Structure formats: structure tokens, C-alpha cells
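Residue numbers (full-length UniProt numbering): 1 to 411.
In this text, a Cβ means the ideal position worked out from N, Cα and C, and glycines have one as well.
The structure presented is a predicted model; accordingly, all values stated were derived computationally and were not measured.
Read the structure below first, then the notes.
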């Protein structure tokens, strides 16, 4: 039988009624003749609650025990979904990551998938099972410990299963009916996109758009997985939602396809570090070892052999970054006068594959922000994106102004 992967996010399985609604969608696909792999997240809010308990227990926690705690939410949802399908007379069973087994490396809380053997699930399909309900977000390390794939990891689980099983497509069910030009809660002019290129979706996801996890888009692009974002709360048609596809499948490339933002940013500055060969490695090596996700990097012009180094990172990693850098200073690896953290900033980004061939995007973006009286603290660019760091209080104004400036509400 052809295989279909269906992933249901936390809001889609937040209550028993929503699990029943999701199960009915699965039943429709089973009736069409598919063997279905359902990937489920924890019920909405449950993972945040579990993470909160871990942080309250230990500020610098053991990541292996973190994974043991926060992975439990998906187990509950998988079991409830399987029970619901059984009540509908659909042959189903739940699978935890170690039972598949979804094999990962040992990088707890940010594990990478190494292999998904298909034998166990395919054997059950051959015996008459129609639905494998798999707990998303989790796997098993070579040491036999539970691992997790990072927040939003159920998306990655879904795409990886679609690639491993050669699925006809991978449908990501969420609380929105597709990918929008920006968050509709910030701009009422936001417009749903029928199609978006893998590269654009990758940038939007990495820059704060919460529709898909970054790594899931990377996998879909690498393995050519047909990926569709659809709503759990609406009746579906074959062309519903947003198709994430190759650039050549999109007829016309606009200069900007979407405006992304992230509130949870911090700007950190090392004041007066030595301007010498290897100083960047000495700074960012300890940060990498500490698991700090560094984004924008700015180095000032040196004066008298000293310089300032500024970078951005998630606001919840500031304490770890400070510890990593102060420890490196204590070991004599780096020497700086002061370390300053600004935790009241936001990142706003314009993304579009059309930037490759159309000029003037940066000029229009910077003028728009200037006209609104918004000061830019840091700028970072790539071939298809421009990101700026600004005061958090101006974030929504910036998003709305840029959305209007690039006329993203127009088809």
C-alpha cells in the first residue's frame, strides 16, 4: 500500500475532542487505501510545562535527564491517538522513538537523526496494522538513552519518516491553514501563500516563523519530500494549505515573499577584546561547546589593538553564553573588559528568492524603518534574506510597515 505521513501539532491534539477530530482525518486517508504513519506532538502547553519543571529544578541541567522528562508528553498523545483510532475500528498502535527505533546521535536536547529502520513498522503493516502512531520529537542514542530533536522536532520526525518510507507526501497539520506572508496576529493584511520555495521556508523557519521547524525543511529539501502545511480545523481538499516545493515549481519570484520575526532575541557584546588572529575562534569555540545558537555577528573596527565583538543569540541562552565566555576568560583563552547583554531586542527579517535577481530590497527596507523612526542595531544579510535587530517595543510596527512596503497583501 502507498504510505502517507500525517503530523499533528500540539494545538491539533490539545484535547480529547481535538484528538478525535484528528483521528477522523486519519480514518479518511485509511479509507482511501493508505498505510498511514501519524506523528504526534505533545498536547498544547505540555512541553512548556515540562521544560519549566526542569528549569525550576536545575538551572544548568543534565541534558540527558531533560530529554527523559520533556519527551514524555508525546508518549501520552501517541497512546491516546492509537486508542481513539481503535475505537473507530481502525487497526492502530503507538510507537515510542526507541521502539521504531529512531536512531540518533548523543547530542541530547538537539539530537540529529542517523537512521530510521523500516522493518518493524513495515512488518506490522504486513500483519494488518493500518496506522502507526509515532511519538514525535524523540529518538534513542547509541547508549540507549532517550534523546529529543529540539523544540518543534516532531516536524523533523515527520519529514524523516516520509523520506525513510518513501511516502507519497507529508502533511503537517497545525492551527493555521498554511504559510502566510507574516503572522496574521501581527498584521491583519497577512496573506496565505499557495506555494513557497524550500529555501524561503527554510529562512522563514530559522528566522522565527513557527509554522515549520528549520530542520524539517532542510530534510524535505534534501530528500525531495512533498510537504504540505494544512489546518486541522478545516475540511481539506487536495489543493488546501501551502505546498513547500522546489523553486522551479513557482511561476514568478517576488523580491520578498514574507516578513519573519523573533521576539526571543538577545544582543551580547564583548567590550575590548584583543584584535589578533584566532580571536573569533577563541570566542565562538566555547559558545559552540556550550550549545549556544549564535546568529548575527558584528566586529567593530580595531583601535590600539582592541576591538568589540557583538553577536545575537536566543534570550534563554544568555546565562549559558555568559558562563561559557567567563569560563574561557578565567582559563586565559580570551581577555575582555566587559560582557554586556541586551535582552530587550527583536529580530525582523525580509525573505525572498527574488532578491537574487532584483535590486533595491535593502534600500527599501532600511528607508521604511527610518520613516517609522526605528533604529537598527545590527544588520545581517544572505542571498535571499535581510535581518535587522531592533528594540523589541518596535517589532510589531516594523513588521506591519515592511509588509506594507513590499505590498505582500497583493497577489
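- Task: Could you check if residue 337 is buried or exposed, using at least 16 other CB atoms within 10 Å of its CB as the buried criterion?
- Result: exposed
- Query: Under a Cβ-count criterion, where at least 16 other Cβ atoms within 10 Å of its own Cβ denotes burial, should residue 232 be classed as buried or exposed?
  - Reply: buried
- How about residue 104 and residue 47: do their beta carbons lie closer than 9 Å? no
- Message: Using only the alpha-carbon positions, how far apart do residue 270 and residue 125 sit?
- Response: 57 Å
- Item | Nonlocal neighbours in the same chain, by C-beta distance under 6 Å from residue 174, ignoring five residues either side | Excluding residues up to 5 positions away in sequence, 9 lie with their Cβ nearer than 6 Å to the Cβ of residue 174 in the same chain.
- According to DSSP, residues forming a beta bridge with residue 312: 267
- Message: With a threshold of 8 Å, are at least 3 pairs of Cβ atoms found where one atom belongs to the stretch 364 to 379 and the other to the stretch 154 to 161?
- Response: no
- Item | Nearest to residue 4 (by Cα), restricted to the options 197, 376, 276 and 172 | When the alpha-carbon of residue 4 is set against those of 197, 376, 276 and 172, the nearest one is in 172.
- Item | Contact check, residue 169 vs residue 163, beta carbons under 9 Å | Cβ distance not < 9 Å, so residue 169 and residue 163 don't count as in contact.
- Put residue 323 into one of helix, strand or coil per three-state DSSP. If DSSP states are grouped into helix, strand and coil, residue 323 belongs with the helices.
- Decide yes or no for the touch test of the stretch 213 to 222 against the stretch 253 to 263: beta carbon pairs closer than 8 Å, at least 3 of them. no
- Task: Identify every residue that forms a DSSP beta bridge with residue 244.
- Result: Beta-bridge annotation (DSSP): residue 244 is paired with 196 and 227.
- alpha helix (DSSP H) containing residue 161: first to last residue? 153 to 164
- Task: Would you decide whether residue 181 is buried or exposed? Buried here means 16 or more other CB atoms lie within 10 Å of its CB.
- Result: buried
- Item | Nearest neighbour of residue 11, chosen from 194, 357 and 22 [CA to CA] | 22
- Query: Under a Cβ-count criterion, where at least 16 other Cβ atoms within 10 Å of its own Cβ denotes burial, should residue 53 be classed as buried or exposed?
  - Reply: exposed
- Query: For residue 139, does the three-state DSSP call read helix, strand or coil?
  - Reply: strand
- Task: Tell me residue 385's beta-bridge partners as DSSP assigns them.
- Result: 351 and 382
- Item | Reduced DSSP category for residue 173 - H, G, I as helix; E, B as strand; rest coil | strand
- Proximity below 9 Å, CB of residue 179 to CB of residue 229: yes
- For residue 49, three-class secondary structure by DSSP: helix
- Reference residue 323; option with closest CA among 199, 70 and 287: 287
- Would DSSP call residue 66 helix, strand or coil? helix
- Query: Looking at residue 139 and residue 154, is the spacing between their C-beta atoms short of 9 Å?
  - Reply: For the pair residue 154 and residue 139, the CB atoms are not nearer than the 9 Å cut-off.
- Query: On the three-pair Cβ rule with 8 Å, is the stretch 383 to 390 touching the stretch 345 to 363?
  - Reply: yes
- Item | Anticipated Cβ contact below 8 Å, residue 205 with residue 186, distance rounded | About 17 Å separates the two Cβ atoms, so there is no contact after all.
- Item | Bounding residues of the beta strand (DSSP E) (the contiguous stretch that carries residue 357) | No beta strand (DSSP E) holds residue 357; DSSP gives it neither H nor E.
- Message: Just to check my reading of the structure: residue 247 and residue 199 have Cβ atoms closer than 8 Å, yes? What is that Cβ distance to the nearest angstrom?
- Response: 7 Å
- Which partner residues does residue 306 have in the DSSP bridge list? 274 and 303
- Item | Nearest candidate by alpha-carbon position, reference residue 297, set 311, 290 and 62 | Nearest of 311, 290 and 62 to residue 297, Cα basis: 311.
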